[in-house]
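Below: the structure, in structure tokens.
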Amino acid sequence: MSAPSTQSPSSHTGRVAVVTGAAGGFGHAIAGELARRGADIIAVDLDPADRTVEAVAETGRRAVQFQADLSDPEQVAALAPELLGFAGRVDILVNNAGVFPFRNVFELDFAQWKRTQEINIDSQFLMAKAVMGSMRDNGWGRIVNLASNSLGLAVPDMVHYMASKGAVVGFTRALASDLAPYGITVNAISPTASRTPGGRQFIGDDMLRTVADMQSIKRVGTAEDIVGLACFLSSDDCAFITGQTIVADGGLVRL
Ligand SMILES: NC(=O)c1ccc[n+]([C@@H]2O[C@H](COP(=O)([O-])OP(=O)(O)OC[C@H]3O[C@@H](n4cnc5c(N)ncnc54)[C@H](O)[C@@H]3O)[C@@H](O)[C@H]2O)c1
Numbered sequence: 095m096s097a098p099s100t101q102s103p104s105s106h107t108g109r110v111a112v113v114t115g116a117a118g119g120f121g122h123a124i125a126g127e128l129a130r131r132g133a134d135i136i137a138v139d140l141d142p143a144d145r146t147v148e149a150v151a152e153t154g155r156r157a158v159q160f161q162a163d164l165s166d167p168e169q170v171a172a173l174a175p176e177l178l179g180f181a182g183r184v185d186i187l188v189n190n191a192g193v194f195p196f197r198n199v200f201e202l203d204f205a206q207w208k209r210t211q212e213i214n215i216d217s218q219f220l221m222a223k224a225v226m227g228s229m230r231d232n233g234w235g236r237i238v239n240l241a242s243n244s245l246g247l248a249v250p251d252m253v254h255y256m257a258s259k260g261a262v263v264g265f266t267r268a269l270a271s272d273l274a275p276y277g278i279t280v281n282a283i284s285p286t287a288s289r290t291p292g293g294r295q296f297i298g299d300d301m302l303r304t305v306a307d308m309q310s311i312k313r314v315g316t317a318e319d320i321v322g323l324a325c326f327l328s329s330d331d332c333a334f335i336t337g338q339t340i341v342a343d344g345g346l347v348r349l
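The numbering of the sequence shown is the working numbering, which starts it at 95 and goes up by one.
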């Protein structure tokens, strides 16, 4: 059972949140908790996000889902009016969709390198561009980008992934400066290797256990371990914090 939240159950009431990668581990958990705290949810993923839409409906909040490849500028351009059409505005964007395949650098080809950048960082830029005009018009917005604690570790076979997540941190810092005048904060979360569908697929149970043993808190991370931070970074409480990347990893990486 998860610990009681320190934020009010109504901290996000009336907010409209877009969560990308909403069919996966972190996205599903973040969308569900934002809804429990009062937000309506726009779930976006390559895959169907029925499970997430159903979880949101159980909270009594509204939810809609869209399937799109968020690395494709044309698909995001077609999606943008749909996102704004759901409730007339977007208040929160959680840029969570991503992939993390391991590949030795001698085997990694340019197409694989490029594809990882397209999915992990181009999608964050495209989605921010799609919704930040609405946030500016309303004088309030929250953008939360998913980075990774691996940036602070010596992880082999991840040059394409680490480069993309390093770009997420730089993007977060720079976008925060441009959007601050409009009441929009931009921050990033760096989770540890976690037991999500993607974590199982790309990292595997043995490596998840090995990483957990290196953490101060020696249990494998779960999606629930970052939802509280995602909710904080997308709340009114985060009005004076921007451009930051916050590590939520059981105490493995120290900045
Ligand atoms: N799980 C971990 O160990 C871990 C650790 C650090 C950071 N992260 C980051 O957290 C984020 C979410 O990871 P997760 O563990 O929930 O993974 P996941 O695989 O469970 O979920 C990711 C979701 O993103 C979607 N997606 C992938 N490419 C897409 C695209 N082009 N367009 C639209 N949707 C797309 C997938 O369909 C999937 O549903 C990723 O950005 C990942 O890099 C994960």
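Virtual Cβ for every residue (Gly too), placed ideally from N, Cα, C.
Cross-strand partners of residue i (DSSP beta bridge)
i	result
G235	I278
T304	In the DSSP output, where bridge partners are listed per residue, T304 has none listed.
F160	V138
P285	A342
Option in the options with minimal Cα separation from residue i
i	options	result
A191	L269, H122, A149	H122
D383	Q101, Q206, G315	The requested residue 383 does not occur in the structure, where the chain is confined to residues 95 to 349.
V347	V263, S310, G179, A181	S310
A151	K312, I278, A125	A125
A172	A149, F194, A224	A224
F204	T279, F265, T114, Y255	Y255
I283	P103, D300, F326	F326
E148	E127, V184, M301	E127
A270	N239, S244, R303	N239
Distance between residue j and residue i (C-alpha atoms, nearest Å)
i	j	result
A174	G298	35 Å
D134	V188	13 Å
E212	D166	8 Å
D319	D343	8 Å
R155	R130	8 Å
T153	T146	11 Å
V249	L220	28 Å
C332	L323	10 Å
L140	V321	21 Å
I186	N281	12 Å
S105	S329	7 Å
M95	S242	Low per-residue confidence applies at M95: pLDDT is 45, beneath 50, and the placement is therefore not dependable enough to give any value.
I335	T107	21 Å
V253	T286	17 Å
M226	W234	10 Å
A306	G246	15 Å
D272	M308	37 Å
T279	G337	7 Å
S102	T339	24 Å
L177	T210	24 Å
Residue range of the alpha helix (DSSP H) that includes residue i
i	result
A123	119-130
D134	Run containing D134: none in the alpha helix (DSSP H); it sits in the beta strand (DSSP E), 134-139.
F334	First-last for F334: undefined, no H or E at that position.
F265	253-273
R167	One detail in the question is off: residue 167 reads as Pro in this sequence, not Arg. Where P167 is concerned, the enclosing alpha helix (DSSP H) stretches over 167-181.
Q211	204-211
I320	318-327
T290	Run containing T290: none; DSSP gives neither H nor E here.
Beta-carbon spacing of residue i, residue j below 8 Å
i	j	result
Y276	R230	yes
G132	G292	no
G198	S258	Going by the sequence as given, residue 198 is Asn instead of Gly. No. Outside cutoff.
A162	V170	yes
V81	R289	Because the chain here runs from 95 to 349, residue 81 falls outside it and cannot be looked at.
Q159	A137	yes
A111	A143	no
P195	F296	yes
Where the beta strand (DSSP E) containing residue i begins and where it ends
i	result
L349	Unbroken run through L349: none, as it is neither H nor E.
V112	110-114
L187	186-189
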